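The structure under discussion appears below in the form of structure tokens.
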Amino acid sequence: MLVNHARRLLRRAAEAADLQISIRQKPDLSWPSDHSRLVALESRGDLLRIDLRDGRGTDKACATWQITDRGLANLQHLSGSAV
Numbered sequence: 001m002l003v004n005h006a007r008r009l010l011r012r013a014a015e016a017a018d019l020q021i022s023i024r025q026k027p028d029l030s031w032p033s034d035h036s037r038l039v040a041l042e043s044r045g046d047l048l049r050i051d052l053r054d055g056r057g058t059d060k061a062c063a064t065w066q067i068t069d070r071g072l073a074n075l076q077h078l079s080g081s082a083v
């Protein structure tokens with residue numbers, strides 16, 4: 001994973017009021033490319049998946065992760081400064 005993608009996604013989660021990041025499936029039911037990046041951050045322990053809602057009717061599925069203490073520390077390391 002490129003460092004800039006990790007930093008971008010971790011920063012988005014860290015800057016959110018609830019420390020969470022969510023993505024929705026595309027209209028063709030595939031996931032945006034950030035989905036695989038978020039799953040990779042989850043496998044490293046930087047994020048914790050807290051929700052996966054299946055789409056009903058015209059709604060698409062939505063996946064949500066919360067940044068962990070490890071993720072905040074890694075973001076600080078990637079950014080070279082305090083978040």
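In this text, residue positions in the sequence shown follow full-length UniProt numbering: the first is 1, and each later residue adds one.
Don't be surprised by glycine CBs; every beta carbon is placed ideally from N, CA and C.
Predicted model only: the values in this text are computed from it and were never measured.
Check the Cα spacing between Asn4 and each of Lys26, Arg24, Arg37: the tightest is with Arg37. Here Leu48 is not near Trp31, since their CB atoms are 8 Å or more apart. According to the DSSP assignment, Ser43 belongs to the alpha helix (DSSP H) that extends over 33-44. In the structure shown, Gln25 falls within a coil segment according to DSSP collapsed to helix, strand and coil. Residue pairing for Thr64: DSSP places it in a beta bridge opposite Ser22, Asp51.
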